[in-house]
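Chains as they are written, first to last, in our numbering: chain P, 9 to 272; chain H, 62 to 535.
So the structure is just underneath, and the comments pick up after that.
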Amino acid sequence: MLNILVCVKQVPDVNLVKMDPFTGSLIRAGVPAILNPHDAYALEAAVQTKERYGGTVTCVTMGPDQAVEALRECLAAGADRAVLLSDRAFANADTLATSYVIATAAKLLGSFDLIFCGKESLDGATGQMASQLAERFDASQLSCVSLIEKLDGEKKTVLALRELEKGTETCEAQLPCLMTVEKTNYHPRIPNLKSWKASRTAEIEKYSAQTIPGLDPEQIGDPGSPTKVPRTYPPVVGAKGMMIDEGSAAKNAAKLLALVSDIL
Amino acid sequence: MAAYNKLSPLLAQKLSQIVGKERFQYQESVKADYSHDEMPIYGRYFPEAVCLVESTEEVAEIMKLCSENKIPVTVRGAGTGLVGGCVPVHGGIVISTERMNRILSYDLNNMCVHVQPGVRLCDLAADALAHGVMYPPDPGEKTATVGGNVSTNAGGMRAVKYGVTRDYVMAMTVVLPSGEIMKLGKSVCKTSSGYSLLHLMIGSEGTLGIITELTLKLIPKPLKDVSLILPFQDIATAIASVPSIKLANLDPQSIEFMERDIVDSSAAFTGNAVFPTVVKGQQVGAYILVTLVGDSEAELTMKMDRLGDIAEKLGAYDVLVVWTDGLKKDVWAARSAFLTVIEAETRLLDEMDVVVPVDKIADFLVYTHDEAVKQGVSVRSFGHAGDGNLHIYCCSNDLEEDEFKKRVAKLMERCYAKCTEFEGQVSGEHSIGHAKKVFLRESVGDTAYSLMGAIKQVFDPNGILNPGKVCHDI
Chain P
9 MLNILVCVKQ VPDVNLVKMD PFTGSLIRAG VPAILNPHDA YALEAAVQTK
59 ERYGGTVTCV TMGPDQAVEA LRECLAAGAD RAVLLSDRAF ANADTLATSY
109 VIATAAKLLG SFDLIFCGKE SLDGATGQMA SQLAERFDAS QLSCVSLIEK
159 LDGEKKTVLA LRELEKGTET CEAQLPCLMT VEKTNYHPRI PNLKSWKASR
209 TAEIEKYSAQ TIPGLDPEQI GDPGSPTKVP RTYPPVVGAK GMMIDEGSAA
259 KNAAKLLALV SDIL
Chain H
62 MAAYNKLSPL LAQKLSQIVG KERFQYQESV KADYSHDEMP IYGRYFPEAV
112 CLVESTEEVA EIMKLCSENK IPVTVRGAGT GLVGGCVPVH GGIVISTERM
162 NRILSYDLNN MCVHVQPGVR LCDLAADALA HGVMYPPDPG EKTATVGGNV
212 STNAGGMRAV KYGVTRDYVM AMTVVLPSGE IMKLGKSVCK TSSGYSLLHL
262 MIGSEGTLGI ITELTLKLIP KPLKDVSLIL PFQDIATAIA SVPSIKLANL
312 DPQSIEFMER DIVDSSAAFT GNAVFPTVVK GQQVGAYILV TLVGDSEAEL
362 TMKMDRLGDI AEKLGAYDVL VVWTDGLKKD VWAARSAFLT VIEAETRLLD
412 EMDVVVPVDK IADFLVYTHD EAVKQGVSVR SFGHAGDGNL HIYCCSNDLE
462 EDEFKKRVAK LMERCYAKCT EFEGQVSGEH SIGHAKKVFL RESVGDTAYS
512 LMGAIKQVFD PNGILNPGKV CHDI
């Protein structure tokens, strides 16, 4: 029986987030929180793997109490167990402190053969969590996985297709293995009524800094985060585009040529 | 043949003075966009001039001038129509309302909003929600203007619960062809006060007057909503479920149907395969998409349970719950992209927008598909299963245009006749324009058609307003 862990994050829907141009901070008020889309692909890969080979899928997240909504979404989409790590002491954690808390808590939850992560989060987008977790779990890592081709229970290996900029490659890795997943073959499923209803009342396990044994207070939250953000600012937006509509293709081309000539 | 005059340089100068040079296009400077709508198969017709108006007074001055000089005038919103309604088939000038795009004020005590006609539907819908209220009409084309929606009495996806645009127009300011400014309706819910000129104006496609301001009814925003996808083996089984869904006291906000091929195309086009194509190991042939609203999750769960029971009995493979905002956005974006997808994949395109009784939808679709095969034209369809409004697109990528038109004419003649036999309507929301006049006449009969023509004559004795449209024969 495979034991599969999926690490997820609830993020603000960045399409709806605006940035205060003066303070550089994100205006999150009234912005809905969603399950990080890349994590939803990872969850789908985990659930498909479970459906093919058997096993259990556990989802874990670190965040405030409202992150249970993201976990319920995971349960509706096929996860068997959901765990929330929530404590004021975890606040202001960078990726190092977050991966420390998740990896330490995961020891409580079992021994995992496969760990799935989104490649990055919509909000922070550092893309660091997966590699840090792979190190902390002492697991091999495959990034950009577009298809899990085969799991060999005897050899304890996984064969997966990776989608890279210049093509694809098939890799074999030893279990335990952490994978980040591309959407290609793992479009998140829409839950059916039965699983959705079950997810709404399912128990969500919750752990705090006090209930995770062996957690070093110096490695969590603000004290455990070497990353400091001195300033945030909106990206510089280039010149606004313009529509050329002069009435015909020939006139449009002439206008475009005139504009380009001016620049050259 | 009505004798219209050409726009002389002197008249053009006067028009230019009314709106200002910046907002006036004349002859060579007229942009090509103003010569067509989104159904180019009905031809391109350039206006002699375009006036981008910004006020009721400007429209009134223009109409006085055009009335005195017998210059045809065609009003245009966003140009997203599909029957040539905003296309100046007899030349003259186009009055564009695109710059009259302000939401003027909300009156939440009386649950209404005052807007200019050029406000885009998507902007009004979002702004209303931000004010904690909802503007219920929800036609698929979100970039259409509300003026265009009122002129065509657009319906949309939520019509099954809330009704159509007509039900949300409380009052309007109109400029008559003579240039006289008139206010129709009041911000009240009832009237028993003579003939409703307001309702005559709604759906008249800019042939009786020019709408320059609107008072639209609002409702409280539903607190919770959920969409559900019911996958079926085929379209007949899917459609057969609709009467039972309507009878189950669920008060659904929308009941849409879609066939597998259009869902596949939409997935390829948007890159987002959100609708599952295999459910419980079975290939899906058609889908019903239902939206339910309520005050709480508990209420919605109760309704979903009831729908689940019905769906199972009626042969749905499963009931899929679109609960999260992200999924809702993806599902409805896929649904809204259908026409764009068809346009992108098709070289030659024509359409029907018939309405038939709900229990005749499947029969009508089967008939249309059979007739299309006989004519060697492919058809693709989707639409509003809850109210029987079908959007059927006739497509070809290999026929010559003349041959396509001949075949589609035969196909449409038979389909519209079948629609009349089924006690249906020629158009549910796209209107008549100049493309569907002949079918309107056949559907309503000579007497009704003549009465419509007589009404047009009363409002517009010179026939200068959107000539050649709806019931106006030249």
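Ideal Cβ positions, reconstructed from N, Cα and C, are used throughout, including at glycine.
No experiment lies behind these values; they were computed from the predicted model shown.
Residue from the options whose Cα sits closest to the Cα of residue i
i, options, result
"I49 (chain H)", "H:D295, H:D386, H:A328", "With chain H represented from 62 up to 535, any question about residue 49 (chain H) goes unanswered, as that position is not in the structure."
"V25 (chain P)", "P:M9, P:D224, P:I42", "P:I42"
"Y108 (chain P)", "P:T192, P:F145, P:T165", "P:F145"
"K247 (chain H)", "H:L259, H:P238, H:L237", "H:L259"
"Q177 (chain H)", "H:P198, H:N171, H:P197, H:N210", "H:N210"
"W384 (chain H)", "P:D28, P:N11, P:C82", "P:C82"
"G387 (chain H)", "P:P20, P:R36, P:L10", "P:P20"
"D95 (chain P)", "P:R89, P:G86, P:I110, P:A87", "P:I110"
"R163 (chain H)", "H:L169, H:L185, H:N170", "H:L185"
"S119 (chain P)", "P:P231, P:V268, P:M9, P:S154", "P:M9"
"L68 (chain H)", "H:H97, H:S128, H:S116", "H:S128"
"S157 (chain H)", "H:A329, H:T117, H:D366, H:S288", "H:T117"
"P200 (chain H)", "H:R219, H:A187, H:L245", "H:R219"
"A433 (chain H)", "H:E159, H:Y454, H:P197", "H:Y454"
"E360 (chain H)", "H:E320, H:A423, H:P283, H:D325", "H:P283"
Expected contact under 8 angstroms - CB spacing of residue i and residue j to nearest Å
i, j, result
"V235 (chain H)", "M262 (chain H)", "6 angstroms"
"T103 (chain P)", "M70 (chain P)", "Not a contact, Cβ separation roughly 11 angstroms."
"Q314 (chain H)", "D286 (chain H)", "7 angstroms"
"L238 (chain H)", "N523 (chain H)", "The identity of residue 238 (chain H) in the sequence shown is Pro, whereas the question assumes Leu. Yes, they are in contact, since the Cβ atoms of P238 (chain H) and N523 (chain H) sit about 7 angstroms apart, within 8 angstroms."
"L92 (chain P)", "K236 (chain P)", "The pair is not a contact, with the Cβ atoms about 27 angstroms apart (cut-off 8 angstroms)."
"K131 (chain H)", "Y65 (chain H)", "6 angstroms"
"V485 (chain H)", "P418 (chain H)", "Sequence inspection shows Gly at residue 485 (chain H); the Val mentioned does not correspond to that position. Indeed they touch by this definition, with Cβ atoms about 7 angstroms apart."
"A121 (chain H)", "I272 (chain H)", "The Cβ separation is near 13 angstroms, so there is no contact."
"M100 (chain H)", "E412 (chain H)", "7 angstroms"
"L308 (chain H)", "K364 (chain H)", "Actually they do not touch by this definition, with Cβ atoms about 14 angstroms apart."
"E320 (chain H)", "F443 (chain H)", "7 angstroms"
Under 8 angstroms by beta carbon: chain A residues contacting residue i
i, result
"N200 (chain P)", "As a matter of chain content, chain A is missing from the structure shown, whose protein chains are P and H."
Status (buried if at least 16 other CB within 10 Å, exposed otherwise) for residue i
i, result
"A394 (chain H)", "exposed"
"L71 (chain H)", "exposed"
"Y256 (chain H)", "exposed"
"L182 (chain P)", "Correcting the residue identity first, residue 182 (chain P) is Gln in this sequence and not Leu. So Q182 (chain P) ends up on the exposed side."
"K530 (chain H)", "buried"
"Q344 (chain H)", "exposed"
"M62 (chain H)", "The pLDDT assigned to M62 (chain H) is 44, lower than 50, so where the model puts this residue is not dependable, and the model offers no usable value."
"V281 (chain H)", "Position check: residue 281 (chain H) holds Pro in this sequence, whereas Val was assumed. It counts as exposed."
"P49 (chain P)", "One detail in the question is off: residue 49 (chain P) reads as Tyr in this sequence, not Pro. Per the 10 Å Cβ criterion, buried."
"L51 (chain P)", "buried"
"D391 (chain H)", "buried"
"I123 (chain P)", "buried"
"I271 (chain P)", "exposed"
"A470 (chain H)", "exposed"
"Q436 (chain H)", "buried"
"K497 (chain H)", "buried"
"Q18 (chain P)", "buried"
"N458 (chain H)", "exposed"
"L512 (chain H)", "exposed"
"I123 (chain H)", "buried"
Would you call the stretch 178–185 of chain H and the stretch 195–205 of chain H in contact, with 3 or more CB pairs under 8 angstroms?
Yes, since at least three Cβ pairs between the stretch 178–185 of chain H and the stretch 195–205 of chain H fall closer than 8 angstroms, the two stretches touch.
Below 8 angstroms, how does it come out for the stretch 186–202 of chain P and the stretch 377–394 of chain H: are there three or more Cβ pairs, yes or no?
yes
So does the stretch 209–224 of chain P actually touch the stretch 157–174 of chain P, counting three or more Cβ pairs closer than 8 angstroms?
Contact between the stretch 209–224 of chain P and the stretch 157–174 of chain P is absent, because fewer than three Cβ pairs lie under 8 angstroms.
Enumerated in chain order, which unbroken segments of the beta strand (DSSP E) with a length of 3 residues or greater are wholly contained in the stretch 132–211 of chain H?
134–137, 154–157, 164–168, 173–176
Counting Cβ pairs, one atom from each stretch, are 3 or more of them under 8 angstroms apart for the stretch 80–96 of chain H and the stretch 105–112 of chain H?
yes
Taking three-plus beta-carbon pairs below 8 angstroms as touching, is the stretch 122–142 of chain P in contact with the stretch 238–258 of chain P?
no
With a cut-off of 8 angstroms, do at least 3 Cβ pairs link the stretch 93–107 of chain H to the stretch 132–152 of chain H?
yes
Inter-stretch contact at 8 angstroms, needing at least 3 Cβ pairs: the stretch 132–150 of chain H / the stretch 190–199 of chain H:
no
What are the start and end residues of each continuous alpha helix (DSSP H) run of 4 or more residues lying completely inside the stretch 187–232 of chain P, in chain order?
201–209
Determine, using beta-carbon pairs with one atom in the stretch 27–36 of chain P and one in the stretch 54–66 of chain P, whether at least three such pairs fall under 8 angstroms.
no
Enumerated in chain order, which unbroken segments of the alpha helix (DSSP H) with a length of 4 residues or greater are wholly contained in the stretch 377–440 of chain H?
386–397, 399–406, 422–436
Unbroken beta strand (DSSP E) runs of length 3 or more, entirely within the stretch 312–366 of chain H: which are they?
315–320, 347–355
Do the stretch 399–408 of chain H and the stretch 422–429 of chain H make contact, defined as three or more Cβ pairs closer than 8 angstroms?
no
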